[in-house]
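Note that full-length UniProt numbering has the sequence shown beginning at 1, numbered continuously upward.
Note that the Cβ used here is the ideal one computed from N, Cα and C, for glycine as well.
The structure displayed is predicted, hence computed values, not measured ones.
Working notes for the structure below.
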Amino acid sequence: MDTSVLPIIILLPLVLGTTLVSWLKQFSRGVTALGAIAVSLSSFLLLLSQAPAVFNGTVITQTWSWLPQLGIDFSFRLDALGMLFALLISGIGTLIYIYAYYYLSPKNSLSKLYFLLMLFMAAMLGISLSNNLLILLIFWELTSISSFLLVGYWSNYEAAQRGSRMALTITGMGGLSMLGGFILLGQITGTYQIDQILMMGEQIQAHALFVPTLLLILLGAFTKSAQFPFHFWLPNAMAAPTPVSAYLHSATMVKAGLFLVARLLPIFAGAALFHNIVTFIGLFTLCVAAFFAIFKEDLKGLLAYSTISHLGLIMCLLGIGSPLAVAAAIFHIINHATFKAALFMIAGIIDHESGTRDLRKLSGLWQMLPFTATLTMITAASMAGIPFTNGFLSKEMFFTELVANLSGPVMIGAAIAGTLAGIFAVTYSIRLVHGVFFDGPLGQQVPNKDAHEPPFGMRAPAILLAFLCIAVGLLPGLLVEKIVNSTTQASTQNFAFEGTHLALWHGINLPLMMSIIAIFGGAIFYFALAKGGAIREIDLDPKLGKLQGRVLFDLFLKNLLINSRRFRRATENGKLQSYILWIVLFTIGLVGYPLVVNGIDTGSRELTHAPVLAIVLWLLLFSACWMMLWFHHERIKAILISGAVGLVVTMVFIGFSAPDLALTQITVDVVTTVLLLMSLSLLPQLTPYESSPTRRWRDAVIAVCGGLGIATVAWLVMTRDHNSISWFFIQQSIPLGGGTNVVNVILVDFRGFDTFGEITVLGIAAIGVLSLMDGMRAHGTTITQGLTYRFNPSPLMLRITASWILPVALVVSLYIFMRGHNLPGGGFIAGLVTSLALIIQYVAIGQDHAEKMLGAKSGRLYEIWIGIGLTIAGLTGIAAWFWSRPFLTSAHIHVHPPLLGDMHLASAALFDVGVYVTVVGATMLMISVLGDSRHSSMTGPVPRG
């Protein structure tokens with residue numbers, strides 16, 4: 001059995017399909033459609049080639065390790081349940097692609113629709129074939145995102161925007177709750193592999209976390225499959241193009257929740273809470289949605305509520321949970337996919353030809369669309385459960401399971417509810433046929449009085465599906481019985497289940513009587529409502545008022561927005577002092593609470609005396625911090641004092657024998673001070689005094705509490721012995737990294753990916769400064785009036801000195817770079833040294849002249865340097881893949897060239913080159929932008945027009 005077929009089935013639409021339709025759009029709509037159809041059909045045929053073996057009990061699996069420590073693997077599994085859903089997704093998807101070509105106007109982008117449909121198809125196939133809960137969740141969320149884009153395809157319409165947001169909000173909320181359920185399920189079982197979880201039903205149900213796990217997962221399934229009270233998002237998604245609605249309602253998104261319940265049924269079956277919730281919610285959704293469907297004026301709205309009703313029917317059967325009930329659910333999933341896809345296509349044909357889908361305007365279309373009317377009668381009959389259609393058989397099975405698995409008053413109530421739902425289904429099905437094609441002459445309000453049958457290609461998918469409705473209704477045992485029984489076994493994991501026999505006639509029994517009542521009752525109810533055209537005038541929305549889900553949802557969002565704005569106004573007052581206050585208070589509470597509650601005391605580690613050097617440094621640091629507190633309103637002094645604090649910290653690092661940290665600290669401190677001085681020269685020299693005496697005392701108390709809290713935590717840590725991992729890096733620095741400078745080896749080898757991320761962020765920050773300052777012209781204030789912000793040529797002595805500082809600094813930075821792998825240094829420090837030398841040139845000879853000499857016109861050169869640095873670092877990491885090693889794995893060798901003797905070469909040096917170039921580029925870009933007169937001018941106020 002070829003297991004490689006599983007990822008191919010998903011990758012065909014996800015990669016090939018999306019790429020192909022994007023490329024083919026340059027040719028013609030027809031070529032684009034052929035490409036999309038070919039990709040979808042290929043997935044369908046690949047599945048079909050495996051279908052005989054899978055429906056005979058074979059399970060195909062394929063796993064690639066991804067994050068095994070977290071239990072996340074790319075694991076796929078194709079059994080009968082996954083096969084059925086995947087065949088529906090790809091098969092009906094192919095028909096949708098054919099239909100969409102004829103439906104969509106040339107004014108609309110067909111390639112855009114196909115691209116999004118391909119993404120949607122791949123996500124649904126991923127759900128069907130996933131064997132890992134977290135991978136399934138990724139595809140689950142991808143369906144929400146892609147459906148959001150599909151529903152909002154016509155983004156210039158308010159209804160499309162509203163519907164897409166509502167769908168994403170509801171299903172996204174359900175997906176978030178489902179994530180919680182999956183994590184709890186993984187905690188209970190110790191795995192996220194679905195095939196392993198399905199064998200632990202008793203263990204899961206006996207666990208204390210079973211109830212929250214069940215509720216969270218069901219919430220995700222109910223929101224996705226539009227079960228009450230989350231049903232309202234589905235009718236509001238009707239703003240999508242009709243091909244999208246046909247696909248979404250028949251075989252894809254709304255079926256995902258049903259698939260999830262069917263997939264996890266073995267771990268939930270037998271739990272009374274599961275059966276009670278799912279059965280009741282399903283039955284209630286079935287009845288309520290069927291009733292609402294009768295009175296919908298929009299043709300697609302009627303079909304949307306009918307979809308909700310049928311989803312409730314299937315959910316109710318899954319809630320009953322017996323093998324025969326599951327078989328009925330599986331059978332109805334197949335039937336619903338056929339007649340509902342066809343009906344939505346027909347609705348699109350009616351809208352396409354008549355110019356409207358408003359049932360109050362439609363009537364008498366039989367004389368213009370006789371063939372379409374015939375297709376509608378067949379598929380609507382299946383939807384209503386009329387004999388000789390596939391819908392009749394699964395509806396009979398539903399009635400049978402209602403009366404067979406329930407007893408007493410519950411059974412009577414369920415039978416009545418099921419029969420009422422059947423009556424309502426017949427009613428809205430008759431309205432669909434009679435109201436559109438008959439019910440008098442051609443409606444006077446039909447926009448297009450010259451409607452005619454659409455091209456055969458537009459009707460062909462509906463013809464095929466209508467044929468299946470009749471064929472399966474007449475020959476169920478021959479066409480789908482094997483599929484239904486195999487899928488039921490896969491869903492229930494009950495391989496002793498002998499199956500059910502699908503036949504048109506099972507004798508005269510209670511389910512048959514319920515069907516007869518539903519058929520005749522529905523017909524009587526419709527014609528009673530339609531008498532005198534009354535049904536066209538009935539509008540339930542005003543009567544329901546605020547009880548409608550859509551209204552409640554809008555009210556919830558409105559109140560959420562209002563309260564959010566109130567909270568924002570109360571907290572975001574534009575004062576940095578206030579923000580820091582809340583941050584510090586939260587930190588004190590977060591750290592202090594466990595210390596107080598747990599009563600943590602001093603550890604038992606032996607204390608040592610502080611050396612004289614430490615005391616001196618502490619006194620210097622205390623003095624610098626006190627000066628900062630005293631002069632913090634004078635911005636320039638505050639920056640210079642902060643530089644002094646950095647200098648003391650550098651001395652502390654030297655005292656603790658950390659030369660790498662000391663070099664980094666001093667260079668970063670100097671560059672940061674320069675940047676801050678440049679930035680703050682745009683602002684007034686004094687910070688305004690805003691604190692009252694009361695607030696100053698309050699802030700002082702909070703500051704003391706915060707300082708004492710940090711000191712306490714530091715004391716508790718230092719008085720306790722702890723296991724350090726430094727020994728690992730010390731021992732492995734030479735064998736694995738080929739360097740004796742442990743700090744540098746950690747940065748470019750053991751944690752190279754972190755360093756790569758950090759230089760990427762540094763580059764992004766520099767580009768961000770460029771973007772923020774682009775076009776900005778700051779003018780001087782009354783305090784800064786006359787200050788020259790841009791670097792101007794300095795005195796001759798400074799210019800002469802700077803002329804020899806640059807080459808010396810470059811030699812020093814090269815020396816620091818080359819020694820970095822074995823001695824203190826490295827690319828980051830070398831880059832900062834080079835930047836300092838260039839800054840001195842800016843100060844000495846002026847920015848204009850310095851950039852002219854460097855060829856760095858307006859910082860453009862520095863942007864290129866950032867790109868080159870990141871490229872070098874990235875390519876160094878990718879190179880490891882050619883030797884089947886992880887990204888950024890370092891390699892090192894010893895060579896013996898003539899004259900030079902033994903040389904140690906490491907690939908990490910190339911990575912360090914990337915770090916060096918990126919640091920220089922990012923630092924100088926920020927300096928250049930802040931000093932560029934195009935962005936800022938401090939020579940006086942700028943006239944305002």
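Would you mind reading off the limits of the beta strand (DSSP E) that contains residue i?
i, result
"residue 1025", "With the chain represented from 1 up to 945, any question about residue 1025 goes unanswered, as that position is not in the structure."
"Val895", "892-895"
Helix, strand or coil: which one does DSSP assign to residue i?
i, result
"Gln731", "helix"
"Leu686", "strand"
"Leu265", "helix"
"Ser75", "strand"
"Asn132", "strand"
"Ile451", "Ile is not the amino acid found at residue 451; the sequence shown has Ala there. Looking at Ala451 - three-state DSSP - the assignment turns out to be coil, as it is neither helix nor strand."
"Gln489", "helix"
"Glu606", "coil"
"Asp554", "helix"
"Gln196", "helix"
"Ala206", "coil"
"Leu905", "strand"
"Asp912", "helix"
"Glu634", "strand"
"Asp439", "coil"
"Asp358", "strand"
Can you tell which of the options has its C-alpha closest to the C-alpha of residue i?
i, options, result
"Asn744", "Ser22, Leu675, Lys449, Phe911", "Phe911"
"Gly152", "Ser907, Ala167, Trp140, Ala414", "Ala167"
"Leu116", "Ala381, Thr18, Leu215", "Thr18"
"Asn131", "Phe74, Arg566, Thr169", "Phe74"
"Leu663", "Arg885, Val648, Thr571", "Val648"
"Ile893", "Val812, Ala614, Ala909", "Ala909"
"Leu11", "Phe76, Leu796, Gly30, Pro807", "Phe76"
"Glu863", "Asp195, Leu806, Gly921", "Gly921"
"Val113", "Pro735, Pro52, Ile580, Thr32", "One detail in the question is off: residue 113 reads as Leu in this sequence, not Val. The residue with the shortest Cα to Cα distance from Leu113 is Thr32."
"Ala251", "Asp439, Gly82, Tyr815", "Gly82"
Quick one: measure Cβ to Cβ for residue i and residue j, integer angstroms, because I've assumed they're closer than 8 angstroms.
i, j, result
"Ala342", "Thr379", "4 angstroms"
"Pro455", "Tyr99", "Incorrect: roughly 11 angstroms between the Cβ atoms, too far for contact."
"Leu286", "Ala421", "5 angstroms"
"Leu184", "Thr338", "The pair is not a contact, with the Cβ atoms about 37 angstroms apart (cut-off 8 angstroms)."
"Leu311", "Ala239", "Leu311 to Ala239, Cβ: 20 angstroms. No contact."
"Phe750", "Phe887", "Going by Cβ atoms, the distance from Phe750 to Phe887 rounds to 13 angstroms, so no, they are not a contact pair."
Does the Cβ of residue i have 16 or more other Cβ atoms within 10 Å, making it buried, or fewer, making it exposed?
i, result
"Gly477", "exposed"
"Phe817", "buried"
"residue 956", "Only positions 1 to 945 of the chain appear in the structure, and residue 956 is not among them; the question remains open."
"Gly190", "exposed"
"Asn390", "buried"
"Val612", "exposed"
"Ala610", "exposed"
"Phe728", "exposed"
"Trp883", "exposed"
"Trp865", "buried"
"Leu88", "buried"
"Phe756", "buried"
"Ser164", "buried"
Taking the continuous alpha helix (DSSP H) assigned at residue i, which residues delimit it?
i, result
"Pro511", "510-530"
"Asn236", "233-236"
"Gly301", "299-320"
"residue 946", "Outside the shown range of the chain (1 to 945) lies residue 946, about which nothing can therefore be said."
"Ala503", "Looking at the DSSP string, Ala503 is not in any alpha helix (DSSP H), and its letter there is neither H nor E."
"Ala658", "Ala658 -> no alpha helix (DSSP H), and no H or E assigned at all."
"Ile759", "752-773"
"Gln847", "847-854"
"Glu498", "It is not in any alpha helix (DSSP H) - Glu498 carries neither H nor E in the DSSP assignment."
"Thr376", "370-384"
"Gly709", "693-718"
Output yes if chain D places a C-beta closer than 9 angstroms to the C-beta of residue i; else output no.
i, result
"Gly355", "Annotation note: the requested chain D is absent from the structure, which comprises a single protein chain."
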